[in-house]
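Step one of this worksheet: look at the structure below.
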Amino acid sequence: MSIERPSNHDFPSEAEGMDLVYCRPETLTDLPFHYCPGCSHSVVHRVLMEVVDELNIQDKTIGVAPVGCSVFAYHYMNVDMQEAAHGRATAVATGIKRVLPDRFVFSYQGDGDLAAIGTAETIHTVNRGENILMVFINNGIYGMTGGQMAPTTLVGQVTTTSPYGRQVEFAGHPIKIADMLTQLPGAYYVTRQAVHNPNGVRKLKKALTKSFQYQKEGKGTCFVEVVSNCPSGWKMTPVETVKYLEEQMFPLYPLGDLKKPDGAK
Amino acid sequence: MKEEKNKKGEARLMKGNEALAEAAIRADIDAYFGYPITPQSEILEYLEREIPKRHGLVIQAESEVASINMIYGAAGAGARVMTSSSSPGISLMQEGLSYIASAQLPCLVANVVRGGPGLGTIQPSQGDYFQAVKGGGHGDYHLIVLAPASVQEMADFVFDGFRLAEKYRNPAMILTDGALGQMMEKVILPEEGSLKKVETPWATTGKPASRDHNIITSLFIQPEKMEEVNHELQEKYKKIQSEVRFEEIQIKDAEIVLVAFGLSSRICQKTVDLAREKGLKVGLLRPITLYPFPFKRLNELAEQVNFMMSVEMNAGQMVQDVKLAVEGKVPVYFKGRMGGMIPTPEDVLEEIESVLDNEKVLQD
Ligand SMILES: Cc1ncc(C[n+]2csc(CCOP(=O)(O)OP(=O)(O)O)c2C)c(N)n1
Ligand code: SF4
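In order, the protein sequence lines correspond to chains A and B. Its first residue numbered 0, the first sequence is counted upward by one per residue in numbering that gives the first Met the number 0. Its first residue numbered 0, the second sequence is counted upward by one per residue in numbering that gives the first Met the number 0.
The following block contains the structure:
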C-alpha cells in the first residue's frame, strides 16, 4: 500500500498567486483510494473527512471500518480507527463510545454488513440510542466479494448469486432498514442521501455535520444512509449508474430525512 | 486492627460467580458487556446491581456476538474490560476472540462451562477444554487460560487474568464450570485498587497532532505481512510459556500421578487421600494455567511414576496434552464423566485399582 507520490497537501497555494478553492481535506491521508473509478465510497470518505476537518474534531474522532469494500477505510481516514468483524461495527463502536463518551464515534458499513449479517447489532445499537453516527452505504450489492446479492438488492436485479434476477420467493424483498430504524426511539436523526450529483454531495455534508453536532449534544443515534453505486458489481459505467440510481434505486429508496428531531428544519 | 483486617480483606461466604464479579469491580474494570446464560447469570446480575453504586460500566448486550465485539471496541480504546458466558455463548464469541487475539488486545473472558454439545445441560462440565486452549476460533492463536479450583481462585484469577492479558496484550480466559460458579465457599477478596492500570499508547483514543493515527485491525492482506504478524504472535506465545502455573499434591513419592484441573482436581484430592489410606502412592498434579500447559513438569514426572491418569469432566480432552507431555514414557489413562455428570473420588480410585489389576494380570 505504499505508493510514492507527492503529498496532496503540497498543491499550489496563494503563494504562487492562485486562490486555493479546493484541496484534499487534512484528515484524508495521501494514499490513493483503492476503490473502483466512480464508486460512491470515495466521495463519501472525502465528505466525511471534510466534515471532521471543518468541525476541527480530528483529535476527538474514532471511526470503525466494516468488512466490505471499505474495509481499508482506515488507510484513508486519518483518525484513530478500528476494523470490526463483518457486521459488528456498531457493537465495536458501542464499546468505544461507552468507555470514551466525550469522543465522536462513527461506524461506516455497507448493506451486507449492516443489513444482513449485522442486523441484530444495527437494531440494538439504535435501540440503545448509542450516541454515535452510523454511515450506511447502500449500493444494493456485495461489492467486495464480487457482486453477490445483498439484502437491499432490487427485485429482479441481476447479481452473481441472483443470475436470473432477485426472486422474492427465494430471497424476500429488499430491506428498507432505515425506515425500520425510524420506529426506534433511540434513533434521533435518520436520513437518506446520495452522492450522484453535486447537490447530493452538499446535502450529505450537511447531514453529516448535523449528526456530529447532535452527537456532541448527546442526542442519540444518527443514521445516515447513502444510496450508492457499485459500477463494478452492477457492470455499468459510472455514468450509467447515475441513471440506474435515479430510475431504479431512488423510487424504492427515496432521498430525504426519514426522521428529524422535533422542530428541526 | 479492624483496618488491617479490611486491607487484607475480610473472609466472606460467597458464590463463585459472585466472587468473580466482585473481584472484577475491585480490579477496576472500566466496563463489562454480557448476555445472560445459566450457570453464570449471577455475574451479570451482580454487576448490574453493584456497578451503578460504585464505579465502572455494565451493559447487557443483545447477544454474545455483540458483547465480545463491544469488548473489542472498548479494549481497543484502551479500557480494562471483561465479559463472561457459558459454553453456547462462548461458542458465539469465537469469531470475536480470534479478532481480539489477532489485533492483540487485552481482555478477560470467563467461561462457566456447562455440559454439551449443543444446548446441552446447565450442569457443570469441562467439555470446553479444547476450545479454550487450542484457540477456539479461526487461525493460529491462543488465549491465556486459567482454571480456578475454588471460590477463592474465582476471585484471585480475575486479577491474575488481567495482569497476564495486559502484560502480553492477549485475551485471557478463566475456564471454570457451573459447580464452581454456583457453590459457596469462604473467600478473601483481593484489595480494591491494587491492580494498577497499564499504559495503552496504541489505543484509539483520538489522534492528537503529535502522533500518527492508531489503528486496531486484524487485517493484513499481504501474505508476507500476515506471516510476519503470525510470527510475532508465535513469539509471544513462546514467552507466555514462562507463566505456567501448577500445583502438586503428594507428588514427592508418588508412583501414580493424577492430572486434573478445576473441579476435578478437587475430586482427585480426595482420591489421593483415599488411595494413601490404602497404601497406594498416588499424587496429583493440578495445572492452574491450561495455556500455557505444564508440559515440561509432566515430562519430568514421567521419569518417576508408573503411570498417569487424566481425570476430567468430558470425553477425554486434556489427556491428549498429558500424552504429548510424557512422550510415551509411561502409560496415560483417562477417567471421565460427561454431559454434566461428575466423577466421585471413589470412581477415580476404582479406575486406578482396575488399571493396577490389569497391569498385574499382564505381568502374571
Ligand atoms: C463472517 C464473514 N462472512 C462473510 C464474509 C465475506 N464478506 C466480505 S465483505 C462481504 C459483503 C460486503 O458487502 P457490503 O457490506 O454490502 O459492502 P460493499 O463491499 O458493497 O461496500 C462478505 C459477504 C466475511 N468477511 N466474514
Ligand atoms: S466493487 Fe463496487 S463498491 Fe467496491 S469499490 Fe468497486 S465499485 Fe465500489
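Positions of the beta carbon are idealized from the N, C-alpha and C atoms, including for glycine.
Per-residue contacts from residue i into chain A (C-beta, under 8 Å)
| i | result |
| --- | --- |
| B:Asp27 | None at all; the shortest Cβ gap to chain A is about 13 Å. |
| B:Glu94 | Ala84 |
| B:Tyr140 | Under the 8 Å cutoff, chain A gives no residues; its nearest Cβ is about 14 Å from B:Tyr140. |
| B:Ala73 | Gly94, Ile95, Arg97, Val98 |
Strand pairing of residue i, partner residues [DSSP]
| i | result |
| --- | --- |
| B:Thr82 | B:Val108 |
| A:Ala266 | Residue 266 of chain A falls outside the range modelled here, since chain A spans only 0 to 264, and no answer is possible. |
| B:Gln59 | B:Gly33 |
| B:Arg113 | B:Pro123 |
| B:Pro170 | B:Cys106 |
| A:Cys221 | A:Leu132, A:Tyr188 |
| A:Val104 | A:Ile61 |
| A:Ile140 | A:Met148 |
| B:Phe333 | B:Ser309 |
| A:Ser266 | No statement about residue 266 of chain A is possible, as the shown extent of chain A runs from 0 to 264 and does not include it. |
| B:Met425 | Residue 425 of chain B is absent from the model: chain B starts at 0 and stops at 363. |
Local Cβ density within 10 Å of residue i, reported as buried at 16 or more and exposed below that
| i | result |
| --- | --- |
| B:Pro293 | buried |
| A:Tyr163 | exposed |
| B:Gln130 | buried |
| A:Pro5 | Because A:Pro5 sits at a pLDDT of 45, beneath the cut-off of 50, its placement in the model cannot be relied upon, and the following sentence gives the value as read from the coordinates. A:Pro5 comes out exposed. |
| B:Asp211 | exposed |
| A:Cys68 | buried |
| A:His172 | exposed |
| B:Arg162 | buried |
| A:Tyr188 | buried |
| B:Leu19 | buried |
| B:Pro286 | buried |
| B:Ile220 | exposed |
| B:Met183 | exposed |
| A:Tyr21 | exposed |
| B:Arg53 | exposed |
| B:His230 | exposed |
| B:Pro105 | buried |
| B:Leu118 | exposed |
| B:Ala100 | buried |
| B:Glu2 | Any reading at B:Glu2 must be qualified, since the residue scores a pLDDT of 41, below 50, and its modelled position is unreliable; no value is offered. |
| B:Lys14 | buried |
| B:Met81 | buried |
| A:Met0 | Because A:Met0 sits at a pLDDT of 40, beneath the cut-off of 50, its placement in the model cannot be relied upon, and the following sentence gives the value as read from the coordinates. Exposed: under 16 other Cβ atoms inside 10 Å. |
| A:Glu120 | buried |
Neighbouring residues, chain B, relative to residue i (Cβ below 7 Å)
| i | result |
| --- | --- |
| A:Glu265 | Nothing in the structure corresponds to residue 265 of chain A, since chain A is present only between 0 and 264. |
| A:His123 | Glu61, Ala65 |
Beta-carbon neighbours of residue i, restricted to chain A and to distances below 9 Å
| i | result |
| --- | --- |
| B:Phe32 | Ala90, Thr93, Gly94, Arg97 |
| B:Tyr98 | Glu82, Ala83, Ala84, Arg87 |
| B:Lys196 | Under the 9 Å cutoff, chain A gives no residues; its nearest Cβ is about 13 Å from B:Lys196. |
| B:Leu408 | Since the first and last residues shown for chain B are 0 and 363, residue 408 of chain B lies out of range. |
| B:Ala18 | What B:Ala18 touches in chain A: nothing, since even the nearest Cβ is about 25 Å away. |
Partner residues on chain A for residue i, Cβ-Cβ distance less than 7 Å
| i | result |
| --- | --- |
| B:Glu223 | Per Cβ cutoff of 7 Å: no residues; B:Glu223 is ~13 Å from chain A at best. |
| B:Val78 | At residue 78 of chain B the sequence reads Ala, which differs from the Val that was named. Residues of chain A passing the Cβ test: Val98. |
| B:Gly205 | Asp58, Lys59, Thr60, Ile61, Asp79, Arg102 |
Chain B residues whose Cβ lies nearer than 8 Å to that of residue i
| i | result |
| --- | --- |
| A:Tyr73 | His212, Ile214, Thr216 |
| A:Glu120 | Glu61, Val64, Ala65, Asn68 |
| A:Val70 | Leu218 |
Near ligand 3: residue i beta-carbon under 7 Å from a heavy atom
| i | result |
| --- | --- |
| A:Met143 | You won't find ligand 3 in this model; what it holds is ligand 1 and ligand 2. |
CB contact check: residue i to chain E, cutoff 8 Å
| i | result |
| --- | --- |
| B:Asp272 | Considering every chain present, this structure includes no chain E. Its protein chains are A and B. |
Suppose only complete runs of 3+ residues qualify. What are the beta strand (DSSP E) ranges in the region 263-305 of chain B, listed by chain order?
Entirely contained in the region 263-305 of chain B, the beta strand (DSSP E) runs reaching 3 residues are, in chain order, 281-286, 288-290.
Any alpha helix (DSSP H) of 4 or more consecutive residues that is wholly inside the region 180-261 of chain B
Those alpha helix (DSSP H) runs which fall completely within the region 180-261 of chain B and span 4+ residues are 222-239.
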